[in-house]
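Written below as structure tokens is the structure these notes are about.
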Amino acid sequence: MARPLLVVGCLVAIASPAAADYREPPVHFEIGINTRHFAAGSSDSGSDAARTVDGTAVEEGTPAGAGVTVSLRFTKWTRWNTIVGFEAESGTLTERSSNVAGAYGLFGMRHELGPVALFTELAAGKRWVKYSMKGENHISWMVEPRVRAEMWLSDRFTFGGAIGSTLGADARAWIAGIYVGVHSLDFGKR
């Protein structure tokens, strides 16, 4: 019970006007729900073969899968309408005893159109996928270009969505998600 109270306390502290220092660049915390789909890969298709934890090739190729993950993001607006940050993702696939986890660095550009902000970003990092209890871990370094849009719901809160597709990983994957964001500065106080 203490963990949900800690998260709520942090969100209230971030959203509190007393916590805002207008000399600092704005920061943004998001919690989101994503759907992920992993396309089946084959070691004889001419593409890179999936690798197990010890580095050996997976004979049958990478299995397909779909699932739901939760992501936590922290970003900071920087010069020239750029953003930098990090993201942690965790969830499960539709298969029993499966899991997905990821840790990514973020870099992107943002553009505001009134109460709507549009983003293009790259998420780069490491992803772990286990398709079943007895299956191998599929660990890969990846880059995921994404397009995001968010709309201000109030002075401190936004609601948005994102779509993207993975490049450079053992399994081709796409993502679609929605999120709620909490900002350190009021709307229009950049």
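Going by this note's numbering, the first residue of the sequence shown is number 881, and it counts up by one from there. Ideal placement from N, C-alpha and C gives every residue a C-beta, glycine not left out. Note that the coordinates shown come from a computational prediction; the quantities given were computed from them, not determined experimentally.
Just verifying my parser: in three-state terms, what is the DSSP assignment at Arg1052? coil
From Glu969 to Trp1054, what distance separates their C-alpha atoms? 14 Å
Ala1042 versus Lys1014: straight-line alpha-carbon distance, rounded: 32 Å
Would you mind sorting Ser1034 into buried or exposed? The rule is 16 or more other CB atoms within 10 Å of its CB. exposed
Could you pull out every unbroken beta strand (DSSP E) segment of at least 3 residues lying fully inside the segment 1024-1049, listed in chain order? 1037-1045
Just verifying my parser: in three-state terms, what is the DSSP assignment at Arg953? strand
Assuming Asn979 is part of the beta strand (DSSP E), what are its boundary residues? Asn979 to Leu993
With distances taken between CB atoms, is the gap from Arg1026 to Ala919 smaller than 8 Å? no
Just how far apart, CA to CA, sit Arg953 and Met1022? 17 Å
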